[in-house]
Structures are given as structure tokens and as C-alpha cells.
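Visitor: So the sequences go chain by chain: H and V.
Its first residue numbered 713, the first sequence is counted upward by one per residue in the numbering used here.
Its first residue numbered 49, the second sequence is counted upward by one per residue in the numbering used here.
Before we start, here is the structure in question, set down as C-alpha cells.
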Amino acid sequence: MLFSRVRGLPVLAPGGADHLGTVRALTVDAASRTVTHVRVRRGRLRGEIVLALGAVEAAGPDGLIVRPPDGGPSATPHHDLLGSRVLTECGEERGTVLDAAFDPADGRIEAVLTTFGEVPGDRLLGLGDHALVVRSRRAHHL
Amino acid sequence: MNELMAVRGLTTLPVVTLGGDVVAHVKDTVFDASATRITGFTLTGRTLLSGPVPQDLPWPAVHCLGHHAVMVRGREALVDVPLSVARRDALRGRLLGAQVVTDAGDTVGTVLDVLVEGGTSGRLVAFRLAAHRDLVHGSRHRRHRVYVPRGEALSASGRTLVVPAHATAYVTDDLPGFTARAGARHDRGRGVLP
Chain H
713 MLFSRVRGLP VLAPGGADHL GTVRALTVDA ASRTVTHVRV RRGRLRGEIV
763 LALGAVEAAG PDGLIVRPPD GGPSATPHHD LLGSRVLTEC GEERGTVLDA
813 AFDPADGRIE AVLTTFGEVP GDRLLGLGDH ALVVRSRRAH HL
Chain V
49 MNELMAVRGL TTLPVVTLGG DVVAHVKDTV FDASATRITG FTLTGRTLLS
99 GPVPQDLPWP AVHCLGHHAV MVRGREALVD VPLSVARRDA LRGRLLGAQV
149 VTDAGDTVGT VLDVLVEGGT SGRLVAFRLA AHRDLVHGSR HRRHRVYVPR
199 GEALSASGRT LVVPAHATAY VTDDLPGFTA RAGARHDRGR GVLP
């Protein structure tokens, strides 16, 4: 499933009765190469809630079915993967992130699509406030 | 990766952890006393007005030196040092502006920039000089910028660098040509440069 397709999808409670909001972003832990949280925008004045990926019961092109949040707001640091700068571990810039594909079942990131081409998920090293760092395959290629 | 990089271009490069966070920016590049390799970097804070920080980045803690960032494993790579010590080291290890003479006593020029190998090497390869008028032919009204290989027999005394006289035979004013020549010599396995 693509990050760009998930963004903006409606988030519903089981049974489809309760509309919790829309998906604003996905929080990524680049070190473990997984999507860890879903950030749901509830409305213009109602802020957003952060749901662990484990709370998502089903994901499809029409929306996400999630268990209602039970705890307070999560303090997980968030950096947007989409649009972030890509840097190899050798300090060379390799464009920006256009999109990413992940498995909604376990959150594993399968590939990241950048302006320089596709990077397999197993080459991600970290995502911080400056860039997404990827492992170099060769000196001059992604 | 052994691409050549100009040291003046390293100033303001971000120091980035493998986790993708910026921890500082490069202020000065410090060389060892014999001008062989980089020994470390002095740093400034993350923002334009944050000024120098009392931390150094020693070269062994550098994961890789690239054209767009100095990569380190983590925040613990930075070493706390008093600002006075950092300034003193930076002044001692600064090569820009140093005089270069040959062992025959001829003036070669003044160091404008230093070329180093990137990646994990950090070795000093060549100097970019404002050439003395005796070194290059042509108009005396034109300022000449030339590249001179560091050579194996360079010695440094204070702010003066002494290169072997034959090193000036490899003087060139175009960087791609210089890089190709340096690479060719390296590939032949006879050392990088004379």
C-alpha cells in the first residue's frame, strides 16, 4: 500500500458508525523499517490523535477501520517521510522522497520511491529532522 | 569513495547522524602538524546565529565525509572541549593562507584552499595556491590559481610549507585534469602523487 494513497483516507471505528477523522500522516521508525503509528486528523479545531499501527484492524482503498484510542496522546517523535531529503551514509544527497510502499498487515516498509529511483526498504538507516539516511550500495548509486 | 573535496567547501556542512538528525555544522577543518590528514573539525551550532559550540568532532568519529554532509554514527561522536582549546587547535591546524616554498628556496605561492580525499580517508592530496609570478607563465597582470600536489616529502614549519622542487612540475590550473592525473597515478600503485 502506498503512503500517498493512505493519506486522506477516512478512519472509522468498527462497524463503520463512528467517523474518527482522516489519515494525516504515518510515523515511520526507519531503523526497524516499519510504520509504527497513524496520525489521524479529527477536524479543524479538534487536533489529531496518534494510533499505534496495531490498532488498525483493516485497511483498504476506502478507509481504515481502527479500534478506538484508549490512552492519551502518544509522544512519539514524528518526521514526515514524504518530501524528506535522502542522504546516503556517505553524506551524498540523493533527491527527495516521493512515495513509499508498506505492508499494512505488519507495517513493514517494502520500498521508498525517490526522485533518483527506488530504494529497497532494507537499506533504510534512519529518519530524522534533516534527512532519510540510506545505506550506500555503491559509491555513486542509490 | 575517494573523491577530492575542497576544504573551504566543508565549512557550514551539516554534521548528520545515521539517524538523520543534524547535531552541528562544520566551522573549521583541523589538520595535523605535518599537514598529512584531517584530525578533526571545530563546530558551530545548528542555526545561523548560534555561534561556536564547545564541542569538537575528531576524525576517528567521522563515519563518512561526503559532499553534502559529514556523517557520524550518533550524537556521542562529538567530544566536549573548552572553546579556547578548540580555537587554539583550529589556529594551529589551519593551512589556509600559509606560504609554500620549495626546498630550493623558491616561493611557490600562498595556500587558498586544500584538497582532501572524502569518504573515510581524510588524506590531504593537494593545495590550491595563488601562484607566485615565477611559477606560471603568461600575463603578469592575471592572478593565477594553480593546484600543487602535496607530495610525500612535504614539511611544515609554522605557517610555511616546504614542498620538493619537483612537485612544481605537476602544477596545473584545471581541477579535472589534476584529478585524472592523481587517479591515474593512484591506479598504477606507485603512491598517489610524487
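Ideal Cβ positions, reconstructed from N, Cα and C, are used throughout, including at glycine.
#1: Does DSSP classify V/Glu124 as helix, strand or coil?
#2: So V/Pro100 and V/Leu131 are in contact, right, with Cβ under 8 Å, and what is the actual spacing, rounded?
#3: Using a C-beta cutoff of 8 Å, does H/Glu805 count as contacting chain V?
#4: Are at least three pairs of beta-carbons, each pair with one atom in the segment 145-161 of chain V and one in the segment 67-77 of chain V, less than 8 Å apart?
#5: Determine, using beta carbons only, whether V/Val196 and V/Leu177 come nearer to each other than 8 Å.
#6: Go ahead and pull the three-state DSSP assignment for H/Phe828.
#7: Hey, how far is the Cα of H/Arg717 from the Cα of H/Pro773?
#8: Would you kindly work out how many angstroms separate the C-alpha atoms of V/Asp235 and V/His116, rounded to a whole number?
#9: With a Cβ-Cβ cutoff of 8 Å, do H/Leu799 and H/Asp811 count as a contact?
#10: Judging by CA-CA distance, which residue of V/Val64, V/Ser98 and V/Val78 is the nearest neighbour of V/Val118?
#11: How would you label V/Val133, buried or exposed, when you count the other beta carbons within 10 angstroms and need 16 or more for buried?
#12: For V/Asp76, list the residues DSSP reports as bridge partners.
#13: Around the C-beta of H/Ser848, are 16 or more other C-beta atoms found within 10 angstroms, so that it is buried, or is it exposed?
#14: Would you list the residues sitting across from V/Met119 in a DSSP beta bridge?
Guide: With the given structure in hand:
#1: Here the question's residue 124 of chain V lines up with position 76 in the second sequence. Note: V/Glu124 maps to helix in three-state DSSP.
#2: By 1-based counting over the second sequence, the position of residue 100 of chain V is 52. By 1-based counting over the second sequence, the position of residue 131 of chain V is 83. About 6 Å separates the two Cβ atoms, so the contact holds.
#3: Taking the first sequence and counting its residues from 1, one reaches residue 805 of chain H at position 93. Proximity of H/Glu805 to chain V, defined by a Cβ-Cβ separation below 8 Å, is satisfied.
#4: Not touching, per the Cβ criterion.
#5: Counting from 1 along the second sequence, the entry for residue 196 of chain V is found at position 148. Counting from 1 along the second sequence, the entry for residue 177 of chain V is found at position 129. With a cutoff of 8 Å on beta-carbon distance, V/Val196 and V/Leu177 are scored as near each other.
#6: If you number the first sequence from 1, residue 828 of chain H lands on position 116. Coil, per DSSP.
#7: Along the first sequence, one-based indexing puts residue 717 of chain H at 5. Along the first sequence, one-based indexing puts residue 773 of chain H at 61. The C-alpha of H/Arg717 lies about 8 Å from the C-alpha of H/Pro773.
#8: Numbered from its first residue, the second sequence carries residue 235 of chain V at position 187. Numbered from its first residue, the second sequence carries residue 116 of chain V at position 68. Bear in mind that the predicted position of V/Asp235 carries a pLDDT of just 48, short of 50, making it unreliable; the figure below should be weighed with that in mind. For V/Asp235 and V/His116, the distance between alpha carbons rounds to 26 Å.
#9: The sequence position of residue 799 of chain H within the first sequence is 87, counting from 1. The sequence position of residue 811 of chain H within the first sequence is 99, counting from 1. It is not a contact, given that the beta carbons lie outside the stated cut-off.
#10: Along the second sequence, read from residue 1 onward, the residue named residue 118 of chain V stands at position 70. V/Val118 has its Cα closest to that of V/Val64, out of V/Val64, V/Ser98 and V/Val78.
#11: Numbered from 1 along the second sequence, position 85 holds the residue referred to as residue 133 of chain V. With a 10 Å radius around the Cβ and a threshold of 16 neighbouring Cβ atoms, V/Val133 comes out exposed.
#12: Along the second sequence, one-based indexing puts residue 76 of chain V at 28. Per DSSP, V/Thr90.
#13: In the first sequence, the residue the question calls residue 848 of chain H occupies position 136. So H/Ser848 ends up on the buried side.
#14: Within the second sequence, residue 119 of chain V is the residue found at index 71, counting from 1. BP columns for V/Met119 point to V/Val64 and V/Cys112.
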